[in-house]
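In this text, residue positions in the sequence shown follow this note's numbering: the first is 26, and each later residue adds one. The C-beta atom is built at its ideal place from N, Cα and C for all residues, glycine as well. Being a predicted model, the structure only gives us computed values, none of them experimental. Read the structure below first, then the notes.
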Amino acid sequence: MQQVTVKVGMADLNIATDGALLRTTGLGSCVGLTLYDASAGVAGMAHVMLPSSEIARETSFNVAKYADTAIPVLIERMVALGASSKRMVAKMAGGAQMFAFASQSDSMRIGPRNVESCKLAIAQLRIPLHAEDTGANYGRTIELDSGTGILTIRSVQFGIKEI
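Encoded structure:
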């Protein structure tokens, strides 16, 4: 039987159960944050573009775009399918510094700031970070298996690894 793949776009989030895969591509400075509840067999993934919704100019904005708003919504959706935030573990990848800038101004550190804000959000929710593949200067594609909780990371430079 073909394994179902649920796509997660940029500034998007989704959940999967029953062994389906969650996949997102094009993680440069964006962070792919995954949550998994093994007991419930529920997996979630958010493709976070920016660290904080405080910079949103519009009043109705895409909650999946920002770390501080995507993660609580992802947890809500997972809980609706029987997951418990007390059993969830997090893994993440991405957050690269894709370009070298002469100035190290904070606004140019999108990747590292995305990683920091995702870590802060899960820490505040008492969700442990089990593994990460973040930083450096290359893009990644990630896939989370809702049956096993294994996060597969693909990159041109380093091939495939599992965390």
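What do you get for residue i, buried or exposed, if any count of 16 or more other CB atoms within 10 angstroms of its CB means buried?
| i | result |
| --- | --- |
| Ile-80 | exposed |
| Lys-186 | exposed |
| Val-140 | buried |
| Thr-84 | exposed |
| Ser-142 | buried |
| Thr-173 | exposed |
Just the C-alpha distance for residue i and residue j, rounded to the nearest angstrom, thanks.
| i | j | result |
| --- | --- | --- |
| Ala-95 | Val-33 | 13 Å |
| Ile-178 | Ser-110 | 24 Å |
| Thr-59 | Gln-182 | 22 Å |
| Ser-78 | Gly-107 | 28 Å |
| Glu-157 | Met-117 | 5 Å |
| Leu-99 | Ala-146 | 12 Å |
| Arg-82 | Leu-38 | 21 Å |
Could one say the Cβ of residue i lies closer than 8 Å to chain B's Cβ atoms, at least one of them?
| i | result |
| --- | --- |
| Ser-54 | Judged by its chain identifiers, the structure shown contains no chain B, having just a single protein chain. |
With a threshold of 6 Å on Cβ separation, who are the neighbours of residue i within its own chain once the five nearest residues in sequence on each side are excluded?
| i | result |
| --- | --- |
| Ala-36 | Met-74, Asn-87, Ala-89 and Lys-90 |
| Ala-45 | Val-29, Val-31 and Ser-171 |
| Ala-115 | Leu-60, Ile-147, Ile-152 and Leu-154 |
| Ile-175 | Glu-187 |
Within the same chain, show all residues whose beta-carbon is closer than 7 Å to that of residue i, passing over the 5 residues directly before and after it, in chain order.
| i | result |
| --- | --- |
| Gly-120 | Ser-54, Val-56, Gly-136, Pro-137, Asn-139, Val-140, Thr-159 and Gly-160 |
Can you give me the Cβ contacts of residue i inside the same chain, cut-off strictly under 8 Å, excluding the 5 residues immediately before and after it?
| i | result |
| --- | --- |
| Gly-51 | Met-35, Gly-164 and Thr-166 |
Take residue i as the anchor and find which of the options has the nearest alpha-carbon.
| i | options | result |
| --- | --- | --- |
| Asn-162 | Ile-147, Leu-47, Phe-124 and Gly-174 | Phe-124 |
Spell out a yes or no on whether the segment 110 to 119 and the segment 151 to 160 are touching, meaning 3 or more CB-CB pairs, one atom from each, closer than 8 Å. Result yes; three or more Cβ-Cβ pairs closer than 8 Å.
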